[in-house]
Ligand code: GRF
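Numbering (the working numbering), first residue to last: 1249 to 1606.
Right, here's the structure in full:
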């Protein structure tokens, strides 16, 4: 027979004892509650933030019956016992209790937490009055944490029940050599759901670039491809390796963001009309690597950024979108480039979000 590893939730009295032990040590117990019937990354991030408000945390889970009362007859997705087991396994969680009421009032009174954490659109004043009164009675500090954008049980359910007729997410492959600020902008647009896409691979020729570090930190699969001695060229093996990585990751659209080596075959043909670059000037003006300085040197009053398709001729493919940026008195190339990048951070995700209509 399989050993039973399931978790037995604690009783409110046991958690009350934990609270008293912490209190004697000058430590704080954090309390939060919810249904958590389909645990996702938004929950995990929220729970980590809540746990950081004290020294230990108890999560009060709504029982199956109370989840049904709150969320409707098809919920909970995972049963109480499983939810308690998964919740207790999280690093942020020290104890789990299950409660049957719609409100956590009685539990708050029994546990007497030092800190009460709640996620979402609440303010201390819009909390349920009964719960608020119980929190005041036990002297709990109330902390409202913002919800993590783009992660919700409802969205997850929508994705799970999506049929093939619905538009599928764009699978992006990103290539970069530098700072990765445009990668950050794409990641943020995806998490705020203004861009329906997934970054399935990030490739760089610079193993210690911030671009690659950011991709790793975001959990994006990464590849470092050696490019050879010339920092602007890629040897044939490098060109081939990039094509293979992109194909293996089943990339729909390739995005070059500050990728400093020139791409050639086979990538150009494989991804013809599906390969975009962002460039810091209003093309066709100021092609090449010194575009920002060139605009300053020419005494221009404005410059900008361009998102365009990549073809064999450098910075000359079809222009998909542009944004203007004024050049101000006293601008250095560095300051101006930062302002251009801010425009890029809006323009590039917009172009990708509109991709199917292009
Ligand atoms: C951007 O300015 C882009 O136009 C150029 O390289 C820069 C990349 O910046 N091709 P980052 O790495 O996204 O911060």
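All residues carry an ideal CB built from backbone N, CA and C; glycine is no exception. These numbers come from a predicted model, not from an experiment.
Mind checking whether residue 1275 and residue 1303 have CB atoms under 8 Å apart?
-> yes
Counting only runs of 4+ residues fully inside the region 1303-1343, write out the alpha helix (DSSP H) ranges in chain order.
-> 1312-1319 and 1328-1336
With 16 other CB atoms within 10 Å as the buried threshold, where does residue 1408 fall?
-> exposed
Where residue 1331 falls, given that 16 or more other Cβ within 10 Å makes a residue buried = buried
DSSP beta-bridge partners for residue 1440?
-> Looking at the DSSP assignment, residue 1440 forms no beta bridge with any residue, so it has no partner.
Might you give, ordered along the chain, the residues of its own chain that have their beta carbon closer than 8 Å to the beta carbon of residue 1515, omitting 5 neighbours on each side?
-> 1487, 1490, 1491, 1494, 1502 and 1523
Where in the region 1527-1573 do unbroken runs of the alpha helix (DSSP H), each at least 4 residues long, occur, reported from the N-terminal end onward?
-> 1539-1545
Is residue 1279 closer than 8 Å to residue 1306 when the C-beta atoms are compared?
-> yes
Quick one: Cα of residue 1556 to Cα of residue 1592, how far?
-> 12 Å
Please go through the same chain and pick out, in chain order, the residues whose beta-carbon is closer than 7 Å to the beta-carbon of residue 1371, but skip the five residues on each side of it.
-> 1392
Helix, strand or coil: which one does DSSP assign to residue 1497?
-> coil
Stretch-stretch touch, CB-based, cutoff 8 Å, three pairs: the region 1529-1547 with the region 1579-1588 | yes
Beta-ladder partner(s) of residue 1471, from DSSP = 1451
Starting from residue 1426, follow the beta strand (DSSP E) in both directions and report where the run begins and ends.
-> Per DSSP, residue 1426 belongs to no beta strand (DSSP E) and is neither H nor E.
Using the beta-carbon count (16 or more within 10 Å), is residue 1337 buried or exposed?
-> exposed
Within the present structure, is the beta-carbon of residue 1527 separated from the nearest heavy atom of the ligand GRF by less than 7 Å?
-> yes
Contacting residues, own chain, Cβ-Cβ under 6 Å from residue 1257 (five flanking each side not counted) = 1332, 1344, 1345 and 1346
Simplified DSSP assignment, three categories, for residue 1605 | In this predicted model, residue 1605 has a pLDDT of only 45, less than 50, meaning its place in the structure is not dependable enough to derive any value.
When every heavy atom of the ligand GRF is checked, does at least one fall within less than 7 Å of the C-beta of residue 1589?
-> yes
Would you report the Cα separation of residue 1588 and residue 1428, rounded to the nearest angstrom?
-> 14 Å
Buried or exposed for residue 1606, please, with buried defined as at least 16 other CB atoms from any protein chain shown within 10 angstroms of its CB.
-> Summary for residue 1606: the model assigns pLDDT 46, below 50, so the residue's position carries little reliability; its value from the coordinates is reported in the next sentence. Residue 1606 should be labelled exposed.
Return the chain-ordered list of same chain residues with a C-beta closer than 8 Å to the C-beta of residue 1264, the five sequence neighbours on each side being excluded.
-> 1358, 1359 and 1360
Helix, strand or coil: how does DSSP classify residue 1378 here?
-> helix
Could you spell out where the alpha helix (DSSP H) holding residue 1515 opens and where it closes?
-> 1515-1518
Identify, in the order they occur along the chain, each residue of the same chain with its Cβ nearer than 7 Å to the Cβ of residue 1603, setting aside the five sequence neighbours on each side.
-> 1418 and 1501
Using a threshold of 7 Å, is the CB atom of residue 1576 nearer than that to any non-hydrogen atom of the ligand GRF?
-> no
Among 1474, 1506 and 1356, which residue has its Cα nearest to the Cα of residue 1261?
-> 1356
Quick one: grab the DSSP three-state call for residue 1294.
-> helix
May I ask whether a heavy atom of the ligand GRF can be found less than 7 Å away from the beta carbon of residue 1452?
-> no
contact_flag[the region 1550-1568, the region 1465-1481] where n(CB pairs < 8 Å) is 3 or more = no
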